[in-house]
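Protein sequences, first through last, are from chains A and B.
According to our numbering, the first sequence is numbered sequentially starting from 1403.
According to our numbering, the second sequence is numbered sequentially starting from 1403.
Note that the Cβ used here is the ideal one computed from N, Cα and C, for glycine as well.
Remember, predicted model here, so these are calculated numbers, not experimental data.
Protein chains: 2
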Amino acid sequence: MPKSSPVYLQLRQQLVDWISEKNLTSQDKLPGERVLATKFQTTRVTLRQALAQLEAEGVIFRSNRRGWYVTPARLSYDPSRDIGFNLYVRQQGFTPRTETISKELILAPQWLAEKCGLRDKTPIYHFIRRRYVDERALLIEHNFVNPDGCAGLMELNTDDSLWQLLRDKFNLQPASRNIEIYPQAIVDDTADLLNVNTGSAGLYLQRISHDEAGGFLEFDHEYWLHDALKLVVSVQG
Amino acid sequence: MPKSSPVYLQLRQQLVDWISEKNLTSQDKLPGERVLATKFQTTRVTLRQALAQLEAEGVIFRSNRRGWYVTPARLSYDPSRDIGFNLYVRQQGFTPRTETISKELILAPQWLAEKCGLRDKTPIYHFIRRRYVDERALLIEHNFVNPDGCAGLMELNTDDSLWQLLRDKFNLQPASRNIEIYPQAIVDDTADLLNVNTGSAGLYLQRISHDEAGGFLEFDHEYWLHDALKLVVSVQG
DNA sequence: AAGTGGTCTAGACCACGTG
DNA sequence: ACGTGGTCTAGACCACTTT
């Protein structure tokens, strides 16, 4: 005899069916939890378990205290290239937007200096940016840029590609990158900035770029919503 | 006035402190939920919310109905190289183990044929393997190998590196790889095989390898626990 | 001001893993 | 056989978003 699935998984399936029946698509809002709980004759707690399941699967997402929405298609993203976020997004038929949340010149703290092979307290630019696709905030990005050779960068508009600026205005280009990627919960400030609960599933991406002489160019890390992207990399050899 | 955090987040912190006090490390078991709920004077529901938070952060993990354990350090993993899982793991001071769960010769279904640029119903080897680090099951791997040039592969021991077999016994070697990576919930059979609940956070990794002539060699996909690995890639240019 | 999602309580039963 | 984690109920209050 096949063991029958728990109520919340049956409910999950009913919700999937219902979403498909109603033809809900990208960023459409679901009815309130109490409405859904009544419609499917269950408790709000159990309903929320079903919703959480669909959230984990990337079918729906929630925006803070605003409610549940249908998740858009994933963005393809190649971290080994640098054609710029905005261009990337447009090529895939979406609408990008970037906000520069803060920019300042700091003295590299120890952890950063170690990562980048710098001496403690070396001056370094720090940018924090928030990036949207179709008005959904998908990631928070921190860029730490070596000011050598790009003095004045902070006065420019950084709502587009930093690499494009570095290439066009300062003739700086990366020759090698070390990339680290792993799933990591989004917490605290980052969660707030992305309008998600602390502990939401996310993907952490870190990149250290050097120039041809092996000099340190940029350290960047990015916190992505877990359902927002698909990494695509091509490797030879 | 700073808004006070909800009980489950305070509880989260207490649990972290308690784990550190008790010097619990890699794979140590936590007390039962009822014991913890009593100790911290809360409900099992709220306690479980705190535990789920720590699970999302990768601090603890659960093994099916067995209880909660402290998460081991992440395994570093470079998907662009092929020195073999077992060697990888040992280099980092852990103990690997691989089980071949099934191996058979199948006719490529449509989705696979499309992915690999084959005609429908081309014969292809299919291996399913489960890999452990320090006796914790971390991933399920599916390998689809082009039988051309490696007839008899299925009769060999596949508990070590497939690529090593292909290189040493059949003189086959990949020249280019296309890799896709994204967070994805682990569900159904895969969840069962990994002893986790359906819907647990995971990382999906897919790799298509071709030889120098552009011929299809292997398609593989892997389902990893979200807290198990750290991807490390180096890219030139 | 009303209604929403987020949090929390105090129980209960069941299926499964362990001893 | 026992105890565990997994599931579920039927409520409640609060902080925040929206109207």
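{"Item": "Nearest to phenylalanine 1442(B) by CA position, among Ser1465(B), Leu1417(B), Gly1554(B) and Asp1430(B), is which residue?", "Value": "Leu1417(B)"}
{"Item": "Three-state secondary structure (DSSP) at serine 1478(A)?", "Value": "strand"}
{"Item": "Between the Cα of alanine 1458(B) and the Cα atoms of Ala1603(B), Tyr1471(B), Asp1613(B) and Leu1607(B), which residue gives the shortest distance?", "Value": "Ala1603(B)"}
{"Item": "So that I know if they touch, is there some Cβ in chain B lying closer than 9 Å to that of valine 1491(A)?", "Value": "no"}
{"Item": "Does the pairing of the stretch 1500 to 1508 of chain B with the stretch 1455 to 1475 of chain B give three or more beta-carbon distances under 8 Å?", "Value": "no"}
{"Item": "Any C-beta of chain A sitting closer than 9 Å to the C-beta of isoleucine 1462(B)?", "Value": "no"}
{"Item": "Evaluate the contact criterion for the stretch 1484 to 1502 of chain B versus the stretch 1530 to 1543 of chain B: three or more CB pairs, one atom per stretch, below 8 Å.", "Value": "yes"}
{"Item": "Report the three-state DSSP secondary structure of arginine 1464(B) (helix, strand or coil).", "Value": "strand"}
{"Item": "For glutamate 1624(B) and glutamate 1543(B), which I take to be in contact (beta-carbon distance under 8 Å), what is that distance rounded to the nearest angstrom?", "Value": "5 Å"}
{"Item": "For valine 1472(B), does the three-state DSSP call read helix, strand or coil?", "Value": "strand"}
{"Item": "Could you give the distance in angstroms between the alpha-carbon of aspartate 1622(A) and the alpha-carbon of aspartate 1522(A)?", "Value": "18 Å"}
{"Item": "So is arginine 1533(A) in contact with chain B if we call contact Cβ pairs under 9 Å?", "Value": "no"}
{"Item": "In angstroms with no decimal places, state the Cα-to-Cα distance between leucine 1596(B) and glutamine 1638(A).", "Value": "32 Å"}
{"Item": "Could you have a look at serine 1406(B) and say whether DSSP puts it in helix, strand or coil?", "Value": "coil"}
{"Item": "Taking the C-alpha atoms as reference points, what is the distance between alanine 1452(B) and arginine 1483(A)?", "Value": "39 Å"}
{"Item": "Looking at chain B, which residues of the stretch 1568 to 1585 of chain A have a Cβ within less than 9 Å of any of its Cβ atoms?", "Value": "Pro1576, Ala1577, Ser1578, Arg1579, Asn1580, Ile1581, Glu1582, Ile1583, Tyr1584 and Pro1585"}
{"Item": "Counting only beta-carbon atoms, is glutamine 1415(A) nearer than 9 Å to chain B?", "Value": "no"}
{"Item": "Between lysine 1441(B) and chain A, is the shortest Cβ-Cβ distance under 9 Å, so that the two count as touching?", "Value": "no"}
{"Item": "Have a look at glutamine 1566(A) and aspartate 1550(A) and give me their C-alpha separation to the nearest angstrom.", "Value": "17 Å"}
{"Item": "For valine 1418(A), does the three-state DSSP call read helix, strand or coil?", "Value": "helix"}
{"Item": "Would the beta-carbon of isoleucine 1588(A) fall within 9 Å of that of glutamine 1608(A)?", "Value": "no"}
{"Item": "Along chain A, which residues have their Cβ under 9 Å away from the Cβ of glutamate 1459(B)?", "Value": "Gln1586, Ala1587, Val1589 and Gly1601"}
{"Item": "Which whole-angstrom value describes the C-beta separation of asparagine 1548(B) and glutamate 1620(B), a residue pair presumed to lie in contact below a C-beta threshold of 8 Å?", "Value": "7 Å"}
{"Item": "Is the beta carbon of tyrosine 1527(B) sitting closer than 9 Å to the one on phenylalanine 1546(B)?", "Value": "yes"}
{"Item": "Kindly indicate the opening and closing residues of the beta strand (DSSP E) around threonine 1500(B).", "Value": "1498 to 1509"}
{"Item": "List, in order along the chain, the chain B residues whose C-beta lies closer than 8 Å to that of histidine 1612(A)?", "Value": "Near histidine 1612(A) there are no residues of chain B at all, since even the closest Cβ is about 10 Å away, more than 8 Å."}
{"Item": "Step through the CB atoms of chain A and report whether any lies within less than 9 Å of the CB of valine 1634(B).", "Value": "yes"}
{"Item": "Rounded to a whole number of angstroms, what is the C-alpha to C-alpha distance between arginine 1468(B) and serine 1422(B)?", "Value": "22 Å"}
{"Item": "Would you tell me roughly how many angstroms separate the C-alpha atoms of leucine 1541(A) and leucine 1633(B), rounded to the nearest one?", "Value": "19 Å"}
{"Item": "Determine the direct distance from the alpha carbon of alanine 1630(B) to that of serine 1465(B), and round the result to whole angstroms.", "Value": "14 Å"}
{"Item": "For alanine 1577(B), name the three-state secondary structure that DSSP assigns.", "Value": "coil"}
{"Item": "On the three-state DSSP scale, how would you describe leucine 1619(B)?", "Value": "strand"}
{"Item": "Just to make sure I have the definition right: I need the residues of chain A whose C-beta is within less than 7 Å of the C-beta of serine 1482(B). Which are they?", "Value": "Val1637"}
{"Item": "With DSSP as the reference, label asparagine 1488(A) as helix, strand or coil.", "Value": "helix"}
{"Item": "Apart from the five residues on each side of it in sequence, which residues of its chain come closer than 7 Å, Cβ to Cβ, to valine 1409(B)?", "Value": "Thr1444 and Thr1448"}
{"Item": "Identify the contact partners of threonine 1476(A) in chain B, using a Cβ-Cβ distance below 8 Å as the criterion.", "Value": "First, the residue type needs correcting, since residue 1476(A) is arginine and not threonine in the sequence shown. Per Cβ cutoff of 8 Å: Tyr1584."}
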